[in-house]
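Asks:
2 protein chains.
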Amino acid sequence: METLFRSDVALGLPLYREVKHKLMEALRDGEWKPGETIPAEKRLCERFGVSVGTLRKAVDELTAENILIRHQGRGTFVASHSQDRYMFGFFHICPKVGHKEYPTVEFISLEKEKADGDSARRLGIGKGTRVVRIINRLSLGGKAAIIDDILLPERYFGGMTADQVRERHTTLYQLYQDEFGVAVLRTEERLEACGANEQIAGLLGIDEGTPLLHIVRRAMTFRDEVVELRHSYVITSDYEYYAGEEAMRVGE
Amino acid sequence: METLFRSDVALGLPLYREVKHKLMEALRDGEWKPGETIPAEKRLCERFGVSVGTLRKAVDELTAENILIRHQGRGTFVASHSQDRYMFGFFHICPKVGHKEYPTVEFISLEKEKADGDSARRLGIGKGTRVVRIINRLSLGGKAAIIDDILLPERYFGGMTADQVRERHTTLYQLYQDEFGVAVLRTEERLEACGANEQIAGLLGIDEGTPLLHIVRRAMTFRDEVVELRHSYVITSDYEYYAGEEAMRVGE
DNA sequence: CAGTGGTCTAGACCACATT
DNA sequence: ATGTGGTCTAGACCACTGT
């Protein structure tokens, strides 16, 4: 196939990366929504003027990043947030003995605040920018085990109300997706140990100073823009944090 | 190309997975040692009787798992443990502010013991099996920050001596590789918060009960056999654990 | 220069899902 | 039967590395 010009943004990039970039743009622009199929490979090849192999290499990378999901015989789908996906890819707490279970979520509060310096830096916004702050209590095995302290930039989540958060029967990431059109694509987590302060101890019904796992999670959407900053405080007497590939482990 | 029979272990597996399996076997058998190049793609295609595309797909997976490393123009190399690789892929503690630094390691003790029930289970060996136990103290920024309590099955590390561990100027994984022919291919980590007990507090020079990050790491070699069980106790006032893909993050 | 891996093509056939 | 993704081939050309 004769290649005359290769796109306006081809800075020596391999062709399949250009294609990947264009797919990302289309996804970001909402051309295909979460849960929908994208066009068949053959059609996409025509659209981008590349061969199957090249198109597949672009899609390969997007599936490896859990942005697209392929189903043989059915099509290629835009990844959608669900309870299962949350458990598999974003919730890293599991019991030391026994099987992983979904936490019971109890809404505590929703407030509008101004971001302090540290939060603003982590969110990539200016200090003092307005944010939504949500506090939840999560229970595992019937016992309060985790406090989630969540900050959301108003830019993405302006009209969020307490009722929206309280009445939902989905994960928060589904709420972001369905009500605000925000797709969480990946997260990054940093962990430390801390002693429970007065507020957390009260919410969890434990003694002040009890060792807790403190997780700082940043959730990113397209272009690596941060859309959520979450502090989780976890009682780790019966549960632990699992750092694993989860994905891969395919076969020898 | 005419395919008559496809290997003795072809249980409906794709051809490229068979090839991957055979490459793994050759690596496990030491046909190519860490740091060496494996034969050029063309030669491997002849050896396995497959086309380049198929061979490449097998090698792609092995490079994604950090078992092989490709260098354009130079060849494909068997991954070898080095200080840099340890920092990049296995040492997940970094300062809350500033750049990642390599820890100073101080040898505390090496003993031969019998594995208790919990350790034996995690190592995949029988209770009471003999193991080597190493304790190290790691310092960051000049201050003691981590205690490593390491268990190694005697099956792999029988003749290990305190001098071997004390006198080395490499990472432990390099020692496993160079002196015992054991290749650590991947690790799995579980984290919890705990209060420092008397022994750990003493070794770290902190108060008993200080909240610490407790990391339980299992290191695996070929066939997912566990070759190391490591308990790390980390002071997280200035440092934190980073859970990240590290790899990927390739490009939009 | 020769040799290596990196990209790309064009097309065949297979396996699976749906109609 | 049709359409989807999954595998595989055979070969071309490019980019990088070392001699």
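Protein chains in written order, with our numbering: chain S, 301 to 552; chain R, 301 to 552. Built from N, CA and C at the ideal position, the CB exists for glycine as well. From a predicted model like this one, the values you see are computed outputs, not experimental measurements.
Roughly how many angstroms lie between the CA atoms of residue 508 of chain R and residue 497 of chain R, to the nearest whole one?
Replies: The count along the second sequence starts at 1 and reaches residue 508 of chain R at position 208. The count along the second sequence starts at 1 and reaches residue 497 of chain R at position 197. Note on geometry: alpha-carbon atoms of residue 508 of chain R and residue 497 of chain R lie some 6 Å from one another.
Asks: If you pair each beta-carbon of the region 518 to 531 of chain R with each one of the region 441 to 461 of chain R, do three or more pairs fall below 8 Å?
Replies: yes
Asks: Could you round the C-beta distance between residue 372 of chain R and residue 471 of chain R to whole angstroms and report it? I think they count as a contact, below 8 Å.
Replies: Within the second sequence, the letter at position 72 stands for residue 372 of chain R. Within the second sequence, the letter at position 171 stands for residue 471 of chain R. About 27 Å; that fails the 8 Å criterion.
Asks: In the DSSP assignment, the beta strand (DSSP E) including residue 469 of chain S goes from what residue to what residue?
Replies: The residue given as residue 469 of chain S occupies position 169 in the first sequence. Run containing residue 469 of chain S: none; DSSP gives neither H nor E here.
Asks: With burial defined as no fewer than 16 other Cβ atoms inside 10 Å of the residue's Cβ, what is the status of residue 517 of chain S: buried or exposed?
Replies: As a working note, residue 517 of chain S is residue 217 in the first sequence. The residue is buried, with at least 16 neighbouring Cβ atoms inside 10 Å.
Asks: What does residue 412 of chain R pair with, by DSSP beta-bridge criteria?
Replies: By one-based count along the second sequence, residue 412 of chain R stands at place 112. Answer is R/432.
Asks: Evaluate contact between the region 372 to 381 of chain R and the region 326 to 346 of chain R, counting only Cβ atoms and requiring at least three cross-stretch pairs below 8 Å.
Replies: yes
Asks: So, with DSSP's three-state summary, where would you put residue 421 of chain R?
Replies: If you number the second sequence from 1, residue 421 of chain R lands on position 121. It is helical.
Asks: Does the distance from the C-beta atom of residue 396 of chain S to that of residue 539 of chain S stay below 8 Å?
Replies: As a working note, residue 396 of chain S is residue 96 in the first sequence. As a working note, residue 539 of chain S is residue 239 in the first sequence. Yes, these two residues count as a Cβ contact at 8 Å.
Asks: Along the region 487 to 505 of chain S, what residues have a CB closer than 7 Å to any CB found in chain R?
Replies: 488, 489, 490, 491, 492, 493, 494, 495
Asks: Is the Cβ of residue 512 of chain R closer than 8 Å to any Cβ of chain S?
Replies: Sequence index remark: in the second sequence, residue 512 of chain R carries index 212 (1-based). Residue 512 of chain R counts as touching chain S.
Asks: Which complete alpha helix (DSSP H) runs does the region 326 to 377 of chain S hold, if anything under 4 residues is left out?
Replies: 341 to 348, 352 to 364
Asks: Assuming residue 525 of chain R is part of the beta strand (DSSP E), what are its boundary residues?
Replies: Working through the second sequence from its first residue, we reach residue 525 of chain R at position 225. Looking at the DSSP string, residue 525 of chain R is not in any beta strand (DSSP E), and its letter there is neither H nor E.
Asks: Hey, does residue 543 of chain R have any beta-carbon neighbour from chain S nearer than 8 Å?
Replies: Stepping through the second sequence from its first residue, residue 543 of chain R is reached at position 243. Yes, residue 543 of chain R lies at the interface with chain S (some Cβ there is under 8 Å from its Cβ).
Asks: I'd like to confirm the pairing. Which residues does DSSP put opposite residue 440 of chain R in its beta bridges?
Replies: The sequence position of residue 440 of chain R within the second sequence is 140, counting from 1. DSSP output for residue 440 of chain R lists R/443 as bridge partner(s).
Asks: In angstroms, rounded to a whole number, what distance separates the CA positions of residue 312 of chain R and residue 360 of chain R?
Replies: On the second sequence, residue 312 of chain R is found 12 positions in, with the first residue counted as 1. On the second sequence, residue 360 of chain R is found 60 positions in, with the first residue counted as 1. So the two alpha carbons sit approximately 20 Å from each other.
Asks: Using beta carbons (cut-off 8 Å, strictly below), is residue 540 of chain R in contact with chain S?
Replies: Stepping through the second sequence from its first residue, residue 540 of chain R is reached at position 240. Interface residue, yes.
Asks: Suppose the cutoff is 8 Å on Cβ atoms and the five residues either side in sequence are ignored; what does the same chain contact list for residue 548 of chain S look like?
Replies: Within the first sequence, numbered from 1, the residue matching residue 548 of chain S stands at position 248. Unreliable positioning characterises residue 548 of chain S in this predicted model, as indicated by a pLDDT of 38, which lies under 50. The coordinate reading is nonetheless provided below. Contacts found: none.
Asks: Short of 7 Å Cβ to Cβ, which residues in the region 520 to 537 of chain S face chain R?
Replies: 536
Asks: Rank S/322, S/460, S/523, S/426 by C-alpha distance to the C-alpha of residue 432 of chain S and give the top, closest one.
Replies: As a first step, residue 432 of chain S must be located in the first sequence, where it is residue number 132. Of S/322, S/460, S/523, S/426, the residue nearest in Cα terms is S/460.
Asks: Which residue wins for smallest C-alpha separation from residue 484 of chain R, given the options R/492, R/490, R/491, R/475?
Replies: To locate residue 484 of chain R, count along the second sequence from 1; it is residue 184. Nearest C-alpha to residue 484 of chain R among R/492, R/490, R/491, R/475: R/475.
Asks: Within its chain, find whatever has a CB closer than 7 Å to the CB of residue 405 of chain R; leave out the 5 residues flanking it on each side and keep chain order.
Replies: For this step, residue 405 of chain R is matched to residue 105 along the second sequence. 436, 438.
Asks: Excluding five sequence neighbours on each side, which residues of the same chain lie with their C-beta closer than 7 Å to the C-beta of residue 535 of chain S?
Replies: Position 235 of the first sequence, counted from the first residue, corresponds to residue 535 of chain S. Excluding sequence neighbours, residue 535 of chain S sits near 445, 504, 506, 512.
Asks: Suppose contacts are defined by Cβ-Cβ distances below 8 Å. Is residue 362 of chain R in contact with residue 368 of chain R by that definition?
Replies: Here residue 362 of chain R refers to the residue found at position 62 of the second sequence. Here residue 368 of chain R refers to the residue found at position 68 of the second sequence. Yes.
Asks: Taking residue 519 of chain S and residue 487 of chain S to be in contact with their CB atoms under 8 Å, please state how far apart those CB atoms are, rounded to whole angstroms.
Replies: Position 219 of the first sequence, counted from the start, is the residue given in the question as residue 519 of chain S. Position 187 of the first sequence, counted from the start, is the residue given in the question as residue 487 of chain S. Confirmed, about 5 Å.
Asks: Kindly indicate which three-state DSSP category residue 495 of chain R falls into: helix, strand or coil?
Replies: The sequence position of residue 495 of chain R within the second sequence is 195, counting from 1. If DSSP states are grouped into helix, strand and coil, residue 495 of chain R belongs with the strands.
Asks: Report the rounded CA-to-CA distance for residue 479 of chain R versus residue 418 of chain R, giving the unit in angstroms.
Replies: The residue labelled residue 479 of chain R in the question sits at position 179 within the second sequence. The residue labelled residue 418 of chain R in the question sits at position 118 within the second sequence. Taking the straight line from one Cα to the other gives about 28 Å.
Asks: Cα separation between residue 411 of chain R and residue 494 of chain S?
Replies: Reading the second sequence from its first residue, position 111 is the one you call residue 411 of chain R. Reading the first sequence from its first residue, position 194 is the one you call residue 494 of chain S. Answer to the nearest angstrom: the Cα atoms are 32 Å apart.
Asks: What's the C-alpha gap between residue 477 of chain S and residue 330 of chain S?
Replies: Counted from its first residue, the first sequence places residue 477 of chain S at position 177. Counted from its first residue, the first sequence places residue 330 of chain S at position 30. Each residue's alpha carbon lies about 12 Å from the other.
Asks: Would you tell me roughly how many angstroms separate the C-alpha atoms of residue 533 of chain R and residue 501 of chain R, rounded to the nearest one?
Replies: If you number the second sequence from 1, residue 533 of chain R lands on position 233. If you number the second sequence from 1, residue 501 of chain R lands on position 201. About 10 Å.
Asks: Would you decide whether residue 316 of chain R is buried or exposed? Buried here means 16 or more other CB atoms lie within 10 Å of its CB.
Replies: Within the second sequence, the letter at position 16 stands for residue 316 of chain R. With a threshold of 16 other beta carbon atoms within 10 Å, residue 316 of chain R meets it and is buried.
Asks: Are the beta-carbon atoms of residue 490 of chain S and residue 407 of chain S separated by less than 8 Å?
Replies: Sequence index remark: in the first sequence, residue 490 of chain S carries index 190 (1-based). Sequence index remark: in the first sequence, residue 407 of chain S carries index 107 (1-based). Contact flag unset, no.
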